[in-house]
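Residue numbers (our numbering): 147 to 272.
Where a beta carbon is used, it is the ideal one built from N, C-alpha and C, also for glycine.
Report on one structure; see the data block that follows.
Have a look at this one:
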């Protein structure tokens, strides 16, 4: 049994070609998950394989449309948490709201921190 048997790599719709290239490079098949959007724009995620006690990597760039990609990531992380994944790592090549990492004027949010908090609450462990 190789060290990759305990690892699963999944992708949202942010940049599936990047996730596929990473999988090919390290010799791991892409994880099987369905990530779709209903007509009413609700996002649906379904795992088509078990991830119990596995190291799961979710590759999701937070590119346009940003809010859709953020929700996909959060729902995917929650799905893996509820499926009893061992460790969940979010790989985010482009981090939306990354420039809002400090309070540089009064009455403005630190949106990068809010994003990090949401990702953590959704199930990210690393």
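- For the stretch 184-216, the full-length beta strand (DSSP E) segments reaching 3 residues or more read 189-193, 201-205 along the chain.
- By the neighbour-count definition (other C-beta atoms within 10 Å, threshold 16), residue 206 is a buried residue.
- By the 16-neighbour rule on beta-carbons within 10 angstroms, residue 253 is exposed.
- Our two residues, residue 224 and residue 217, have alpha carbons roughly 10 angstroms apart in a direct line.
- Distance between residue 208 and residue 239, taken at the CA atoms: about 8 angstroms.
- The three-state reading of DSSP puts residue 237 in strand, counting E and B together.
- The beta-carbon distance between residue 244 and residue 258, rounded to whole angstroms, is 6 angstroms. This is short enough to meet the 8 angstroms contact definition.
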